[in-house]
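When we follow our numbering, the leftmost residue of the sequence shown carries the number 1, and every step to the right adds one. Below: the structure, in structure tokens.
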Amino acid sequence: MAPEATKNFLPLLDAVSRDFVSVLHR
């Protein structure tokens, strides 16, 4: 993966992981 793609992907992954964690802890 290119560094530019990683920079764009990381915030998305962070948002998805937080959403996933909030669903798990419900």
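Where is the CB? At the ideal position from N, CA and C, for every residue including glycine.
Item to check | Inter-residue Cα distance where the pair is Ala-5 and Val-21 | outcome: Roughly 24 Å between the two C-alpha positions.
Checklist entry - In whole angstroms, what separates the C-alpha of Arg-18 from that of Leu-10? => result Looking at the two C-alpha atoms, the distance is approximately 12 Å.
Checklist entry - Out of curiosity, what's the CA-to-CA distance linking Asn-8 and Val-16? => result Spanning the two alpha carbons is a distance of roughly 13 Å.
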